[in-house]
Structures are given as C-alpha cells and as structure tokens.
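Sequential numbering of the sequence shown, starting at 1122, is according to the numbering used here.
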Amino acid sequence: MIMKAHYQGRAKGVPSLNSHRVHPRITELLAHLDRERAGLHAAVESVSPARREERQAPERWSVAEILEHLVLVERRLTYLVATAVAGARAKGLPAETEMTPVMWTVPVKVFLDRSRKITAAEAVLPRGELDSAAASKALESTRAQLRATIIAADGLALADVVYPHPLVGQLNMYQWIGFIGSHEARHAAQIRDLAAEGAVSQRSPATAD
C-alpha cells in the first residue's frame, strides 16, 4: 500500500509531500534523514556557540569544520543520486514493485563504528570557508536539494541502481540515501564527544606552568 507522508516545516523550494503519495521506502528514508538531522542539531546545540569554531587539538576538526564537511558530502551525494537515477531512468528504470523496508539493508553499524578511522576524500575536507552558523544554513540548502532529488525519484526501482562505496562496496540508491543519514549520525557522535570533553576541561582547575 502506498502511504501518504506528512512532513512539517519543509524547506523553501522542496516539493510538498502532503499532496504527494510517497512510496513506503521513500517515506522510510526521509524519516531516517529527518531523525538523524534532528540528532545533529541537538549535538551542535550541546556545544556553546563560542567554542564551535575552535579545534580542541590541532589534528581534530572543530564543530564548524565538521558541519562544513557534512555540507560538502551531502552536496556531492545529492549529485550522485540525481545523476545515477537520471541515467538509469533514461535506460528504462522500471517502477518499484517492492514494499519491504530498506534501512535494514544499510550497513549502519559499519558507518557508525568510530573505532575504525576513515580518511575523508580531499574533495570533502573542510576548507575553513564556513563558520558554524553559515555551515548550518548551508546544510538546510543541501537538505532541501536532497529531498527534492529523492522525491523526484519516488516510485522508481532504486535498488536496481548501484554505485560503489569506498568502504563497503556496491550500494544501491536506497542504501546511499541511508548512508547520508548514518554518516551524519557518525559526526553527530563526534560533536557530542567534543561537547563532553569541553565540559570536562571547563570544570578542571587551572594549573600553573
């Protein structure tokens, strides 16, 4: 059965879902993205604004840099989904006939395992061009573009469209969309660690040299 989705507070330029009957798999993925974005917002809010631009160590990203990285990743992956689906549609990509959930097929545990260090590609390394406020605003824009891209692909057999992921191998487009949310959750956890470490350092007594 096709479900009717109801989303509040949609970004400017994003098609309304209230009047669109969305496939259950798309509804599931959009809910996943919304949930992880809410978690990211909460993580950022746990860090005082004055400390969001600071690195706690030379080799560690600041909150602002993490957010800039997320902007770059979401922008690139939105392009990936859009171009991959457009190419498959041009070749006759069929309509989706499956109704089963898809998030269980996403290797979320692998993406969230922060004991395994992952080196970001050069193209998505933060360049210090955005402060935390500007990066947060840019994330609203990239999310609007991503949601529009997903809705444009609604009803198509996205499991038939695959592209390799450098960590886990071939992922279909449902899984790539799931990865975007899971990647955001990984960095939300990183921000929560920064918040906790900052709170501890603020409570520690000052020491003389």
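Don't be surprised by glycine CBs; every beta carbon is placed ideally from N, CA and C.
### Task
Put Arg1307 into one of helix, strand or coil per three-state DSSP.
Position 186 of the sequence shown holds residue 1307. Reduced to three states, the DSSP call for Arg1307 is helix.
### Task
Tell me, please, which residues DSSP counts as bridged to Ala1216.
On the sequence shown, residue 1216 is found 95 positions in, with the first residue counted as 1. Ala1216 is bridged to Leu1277.
#### Entry: Segments assigned alpha helix (DSSP H), at least 4 residues, entirely inside the segment 1160-1219
1184-1211
#### Entry: Three CB pairs or more closer than 8 Å across the segment 1158-1169 and the segment 1270-1279
no
### Task
Answer with buried or exposed for Asp1275, where buried requires no fewer than 16 other C-beta atoms within 10 angstroms of its C-beta.
For the purposes of this step, residue 1275 is taken as residue 154 along the sequence shown, with counting starting at 1. Buried, since its Cβ has 16 or more Cβ neighbours within 10 Å.
#### Entry: Stretch-stretch touch, CB-based, cutoff 8 Å, three pairs: the segment 1186-1203 with the segment 1293-1301
yes
### Start-to-end residues for the beta strand (DSSP E) that takes in Leu1292
In the sequence shown, residue 1292 corresponds to position 171, counting from 1. Leu1292 -> beta strand (DSSP E) spans 1290-1293.
### Query
Of all the beta strand (DSSP E) runs that stay within the bounds of the segment 1218-1245, which reach a length of 3 or more residues?
none
### Query
Should Leu1214 and Leu1277 be called a contact, given that it needs their Cβ atoms to be closer than 8 Å?
The residue labelled residue 1214 in the question sits at position 93 within the sequence shown. The residue labelled residue 1277 in the question sits at position 156 within the sequence shown. Going by C-beta atoms, Leu1214 is nearer than 8 Å to Leu1277.
### Query
Do the segment 1249-1262 and the segment 1176-1191 make contact, defined as three or more Cβ pairs closer than 8 Å?
yes
### Query
Within this structure, are the beta carbons of Ser1262 and Val1184 separated by less than 8 Å?
Locating residue 1262 in the sequence shown gives position 141, where the first residue counts as 1. Locating residue 1184 in the sequence shown gives position 63, where the first residue counts as 1. Taking 8 Å as the Cβ cut-off, Ser1262 and Val1184 do not qualify as a contacting pair.
#### Entry: Residues that His1153 bridges to, as DSSP identifies them
Taking the first residue of the sequence shown as 1, we reach residue 1153 at position 32. His1153 pairs with nothing; no bridge assigned.
### Message
Whole angstroms are fine: how far does the CA of Arg1264 sit from the CA of Trp1182?
### Response
To locate residue 1182, count along the sequence shown from 1; it is residue 61. To locate residue 1264, count along the sequence shown from 1; it is residue 143. The straight-line gap from Cα to Cα measures roughly 22 Å.
### Query
Roughly how many whole angstroms lie between the Cα atoms of Val1289 and Val1245?
Position 168 of the sequence shown, counting from 1, holds the residue named residue 1289. Position 124 of the sequence shown, counting from 1, holds the residue named residue 1245. For Val1289 and Val1245, the distance between alpha carbons rounds to 18 Å.
### Message
Given this structure, state the Cα-to-Cα distance separating Ser1236 from Glu1157, to the nearest angstrom.
### Response
Residue numbering aside, residue 1236 sits at position 115 when the sequence shown is read from its first letter. Residue numbering aside, residue 1157 sits at position 36 when the sequence shown is read from its first letter. Rounded to whole angstroms, Ser1236 to Glu1157 spans 20 Å at the Cα level.
### Query
Hey, Ala1216 and Val1282: beta-carbon distance below 8 Å or not?
Numbered from 1 along the sequence shown, position 95 holds the residue referred to as residue 1216. Numbered from 1 along the sequence shown, position 161 holds the residue referred to as residue 1282. No.
### Task
Use the C-beta contact count for Glu1219: other C-beta atoms within 10 angstroms, 16 or more gives buried, fewer gives exposed.
Residue mapping note: residue 1219 aligns to position 98 of the sequence shown, counting from 1. The residue is exposed, with fewer than 16 neighbouring Cβ atoms inside 10 Å.
### Message
Would Val1168 and Gly1319 qualify as a contact pair, given that the criterion is a beta-carbon distance under 8 Å?
### Response
Counting from 1 along the sequence shown, the entry for residue 1168 is found at position 47. Counting from 1 along the sequence shown, the entry for residue 1319 is found at position 198. It is a contact, given that the beta carbons lie within the stated cut-off.
### Alpha carbon of Leu1279 to alpha carbon of Ala1152, nearest angstrom
The count along the sequence shown starts at 1 and reaches residue 1279 at position 158. The count along the sequence shown starts at 1 and reaches residue 1152 at position 31. Going by the C-alpha atoms only, they are around 17 Å apart.
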